[in-house]
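The structure under discussion appears below in the form of structure tokens.
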Amino acid sequence: MNPALKANAYFNVLIGGGSGFIGKELVKHLRMKHNINSILVSRSSGEKRITWNDLERRGLPENCIAVVNLSGENILNPLKRFSEDFKEEVRRSRIDTTKKLADAIVKAEKKPQVFVTMSGVAYYPPDENKVYDEDNKCEEYDFLSKLTKDWEAASNLPDSVSVRQVTVRSGVVLGRNGGMIDNIRLPFKMGLGGVIGSGKQWLPWIHLSDIAGIFDHAIQNDNVSGILNGVAPEATTYAQFVKAYAKAMHKPAFFPTPAFAMNTIFGPERAKVILEGQNVMPKRTLESGFKFEYPTIEKAVDEIVNIYIPREAVFKE
Ligand SMILES: NC(=O)c1ccc[n+]([C@@H]2O[C@H](COP(=O)([O-])OP(=O)(O)OC[C@H]3O[C@@H](n4cnc5c(N)ncnc54)[C@H](OP(=O)(O)O)[C@@H]3O)[C@@H](O)[C@H]2O)c1
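Note that full-length UniProt numbering has the sequence shown beginning at 1, numbered continuously upward.
Shown next, in the form of structure tokens:
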């Protein structure tokens with residue numbers, strides 16, 4: 001544990017996109033576990049927020065010991081066509097925001113200790129047989145894989161800037177109030193859930209609390225740098241996830257969604273995120289000492305569906 005970060009509300013962590021699904025969990029995590037303040041960078045102004053324009057004009061806030069980026073337009077927004085304009089917005093919302101934070105770090109007189117950024121497992125080509133870890137170097141193969149490469153490249157700081165860097169390649173984040181679970185909760189509740197596509201595709205997933213935990217781990221530990229896969233250690237297919245989720249909900253799950261329906265709703269390029277998957281292991285994440293709270297899909301969906309533990313209670317020690 002970095003002693004300079006220990007339990008001190010005097011320090012700030014600056015979080016681009018901290019108002020979102022994962023950002024809110026990270027803000028809570030930092031406050032309740034370490035009593036560390038978060039300041040968000042957002043498109044809108046407000047309490048404990050600065051805008052992207054403020055960041056460009058005035059730079060990093062005072063006592064900023066870590067910078068994080070979690071900004072990004074939701075790729076699987078079914079209300080938006082996967083048009084060239086939307087793709088540009090998807091790229092801009094990730095790459096430009098990451099660059100703006102990197103620029104602010106370069107210009108800052110007093111540097112933060114660490115820059116932690118987000119990426120995705122789309123970096124690894126979908127494959128039913130291959131097992132990937134952080135050591136695999138992959139060529140870009142489609143829009144989303146190019147996005148992850150450019151997103152990661154945008155976070156690179158010049159060699160002359162000595163700030164520790166960590167990039168988290170996240171799988172699908174499962175949690176109560178957002179992400180994929182929000183989209184499927186209602187059909188499952190009505191007993192209309194089921195597999196999507198063949199069900200044999202891998203679903204690289206992680207519980208919301210664990211993805212926030214990995215960002216926290218990356219901030220707190222001086223020995224952590226480079227790529228960390230943000231996925232649970234237990235490989236899970238989509239069919240195994242559906243079985244576990246339906247069981248936790250005490251509902252049947254006999255209504256499959258065929259691949260063509262997903263292709264129609266999202267367009268084939270985007271539907272791939274759900275119809276094809278990667279078997280990704282968090283090798284470096286585990287080696288760096290991170291302990292998963294939710295290593296199995298059964299434990300994760302049980303918490304999401306059945307258990308309500310206020311985070312205050314979890315972090316009170
Ligand atoms: N959720 C997942 O399953 C998952 C999996 C892998 C990777 N990720 C990535 O992790 C990051 C955080 O995920 P999340 O689920 O927390 O995302 P989210 O809730 O959908 O969005 C995060 C924040 O990004 C900002 N944002 C949204 N659209 C934007 C736009 N067009 N331009 C600039 N900023 C925009 C918003 O902040 P303001 O409104 O305050 O500006 C929003 O609160 C995203 O980059 C996402 O792609 C998520």
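Don't be surprised by glycine CBs; every beta carbon is placed ideally from N, CA and C. Computed from a predicted structure; not experimentally measured.
- Is the closest heavy atom of ligand 1 to the C-beta of Phe21 under 7 Å? In the sequence shown, the residue the question calls residue 21 occupies position 21. Yes.
- Query: Are the beta-carbon atoms belonging to Gly213 and Glu89 less than 8 Å from one another?
  - Reply: Counted from its first residue, the sequence shown places residue 213 at position 213. Counted from its first residue, the sequence shown places residue 89 at position 89. Their beta carbons are not under 8 Å apart, which means Gly213 does not touch Glu89 by this criterion.
Open item on the list: Here's the rule: buried if 16 or more other CB atoms are within 10 angstroms of the residue's CB, otherwise exposed. What is Ala300?
Closed with: In the sequence shown, counting from the first residue as 1, residue 300 sits at position 300. When all chains shown are included, Ala300 counts as buried.
>> Less than 7 Å separating the Cβ of residue 322 from some heavy atom of ligand 1?
In response: The structure shown does not extend to residue 322, since the chain is modelled only from 1 to 317, so the question has no answer here.
Note to self: Please classify Asp135 as buried or exposed, where buried requires at least 16 other C-beta atoms within 10 Å of its C-beta.
What the structure shows: Indexing the sequence shown from 1 puts residue 135 at position 135. With fewer than 16 Cβ atoms within 10 Å of its Cβ, Asp135 is classed as exposed.
What residue from Asp302, Gly199, Met281, Ile274 has the CA that sits closest to Ile75's CA? Along the sequence shown, read from residue 1 onward, the residue named residue 75 stands at position 75. Checked all of Asp302, Gly199, Met281, Ile274; the closest Cα to Ile75 is Ile274.
Go through its chain and collect everything with a Cβ distance to Val157's Cβ below 7 Å, but skip five positions before and after it. Reading the sequence shown from its first residue, position 157 is the one you call residue 157. First, the residue type needs correcting, since residue 157 is Leu and not Val in the sequence shown. Cβ neighbours of Leu157 beyond the five flanking positions: Ala102, Ile105, Val106, Phe115, Val163, Gln165.
Subject >> Rounded straight-line distance, which links the Cα of Ile184 to that of Met190 >> reply: If you number the sequence shown from 1, residue 190 lands on position 190. If you number the sequence shown from 1, residue 184 lands on position 184. Each residue's Cα considered, the two are about 10 Å apart.
* Distance, Cα to Cα, Asn229 vs Ser155? -> Residue 229 sits at position 229 when you count from the first residue of the sequence shown. Residue 155 sits at position 155 when you count from the first residue of the sequence shown. Cα to Cα, the separation comes out at about 16 Å.
Asn12, enclosing beta strand (DSSP E) - first and last residue: The residue you call residue 12 lines up with position 12 of the sequence shown. It spans 12–16 - the beta strand (DSSP E) in which Asn12 sits, taken as one unbroken run.
Original post:
Which runs of the alpha helix (DSSP H), 4 residues or longer, sit entirely within the segment 234–273?
Top reply: At a cut-off of 4 residues, the continuous stretches assigned as alpha helix (DSSP H) that sit fully inside the segment 234–273 are 238–249, 259–266.
Does the segment 261–273 come within contact of the segment 219–236, defined as at least 3 CB pairs closer than 8 Å?
Short answer: they don't touch.
Taking the straight line between their C-alpha atoms, what separation do you get for Ile304 and Ser209? Here residue 304 refers to the residue found at position 304 when the sequence shown is read from its first residue. Here residue 209 refers to the residue found at position 209 when the sequence shown is read from its first residue. The alpha-carbon atoms of Ile304 and Ser209 are separated by roughly 11 Å.
Quiz item: Roughly how many angstroms lie between the CA atoms of Ala235 and Asn279, to the nearest whole one?
Solution: Counted from its first residue, the sequence shown places residue 235 at position 235. Counted from its first residue, the sequence shown places residue 279 at position 279. Going from the Cα of Ala235 to the Cα of Asn279 covers about 6 Å.
Spatial neighbours of Gly286 in its chain, beta-carbon cut-off 7 Å, leaving aside the 5 residues before and after:
Walking along the sequence shown from the start, residue 286 turns up at place 286. Residue identity differs from the one stated: residue 286 is Leu in this sequence, not Gly. Excluding sequence neighbours, Leu286 sits near Pro233.
Exercise. If we call anything under 8 Å between Cβ atoms a contact, is Phe255 one with Gly193?
Worked result: As a working mapping, residue 255 is identified with position 255 in the sequence shown. As a working mapping, residue 193 is identified with position 193 in the sequence shown. Yes, the pair counts as a contact, with Cβ atoms nearer than the cut-off.
| query | Mind checking whether the beta-carbon of Thr285 lies closer than 7 Å to any heavy atom of ligand 1? | reply | Taking the sequence shown and counting its residues from 1, the one referred to as residue 285 is at position 285. Outside the cutoff, so no.
ask   = DSSP three-state call for Tyr132: helix, strand or coil?
value = Here the question's residue 132 lines up with position 132 in the sequence shown. DSSP places Tyr132 within a strand segment (E or B) once states are collapsed to three.
### Message
In whole angstroms, give me the CA-to-CA distance for Val13 and Ser44.
### Response
Mapped onto the sequence shown, residue 13 falls at position 13. Mapped onto the sequence shown, residue 44 falls at position 44. Their Cα atoms are separated by approximately 18 Å.
Measuring only from the beta carbon, is Glu293 closer than 7 Å to any heavy atom that is part of ligand 1?
Working through the sequence shown from its first residue, we reach residue 293 at position 293. Answer for Glu293: no, Cβ out of range of ligand 1.
Closest residue to Ile181 among Ala246, Gly199, Val161, Tyr141 (Cα-Cα distance): Stepping through the sequence shown from its first residue, residue 181 is reached at position 181. Closest by alpha carbon: Ala246.
Indicate the three-state DSSP secondary structure (helix, strand or coil) for Met118 in the structure shown. For this step, residue 118 is matched to residue 118 along the sequence shown. In the structure shown, Met118 sits in a strand (DSSP, three-state: E or B).
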